[in-house]
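What follows is the structure, encoded as structure tokens:
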């Protein structure tokens with residue numbers, strides 16, 4: 812796949828998370844369902860980022876990981892939009 816198709820279309824399925832929980836149990840690692848459920852989406856994001864790093868490199872890791880950071884997304888929007896960027900520069 813291309814990185815863009817991976818970024819847009821690849822998701823960590825529940826089965827992968829279930830396998831991760833089973834593996835942790837086999838290794839006698841503590842598991843708390845409530846805590847896991849709170850972190851579930853972040854775990855999906857981090858796993859996807861590490862897969863991107865393994866398939867490409869660290870640049871793609873951060874491109875995936877930063878999709879959850881509103882400040883990074885806003886910075887990209889500003890830098891990509893010349894009008895917004897120019898208006899910010901002129902207001903200083």
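Residue numbers (the numbering used here): 812 to 903.
Beta carbons are placed, not taken as given, at the ideal position from N, Cα and C, and that holds for glycine.
Please read these numbers as outputs of a predicted model, since none were measured by experiment.
- Counting along the chain, residue 838 sits inside no alpha helix (DSSP H), nor does DSSP assign it H or E at all.
- By a beta-carbon distance limit of 8 angstroms, residue 883 does not contact residue 899. Their separation comes to about 16 angstroms.
- The alpha-carbon separation between residue 879 and residue 815 amounts to approximately 16 angstroms.
- Apart from the 5 residues on each side of it in sequence, residue 864 sits with its Cβ closer than 8 angstroms to the Cβ of 871 and 872 in its chain, given in chain order.
- Residue 837 and residue 827 have their C-alpha atoms roughly 15 angstroms apart.
- Annotated as distal: residue 849 and residue 859, with beta-carbon spacing of 8 angstroms or more.
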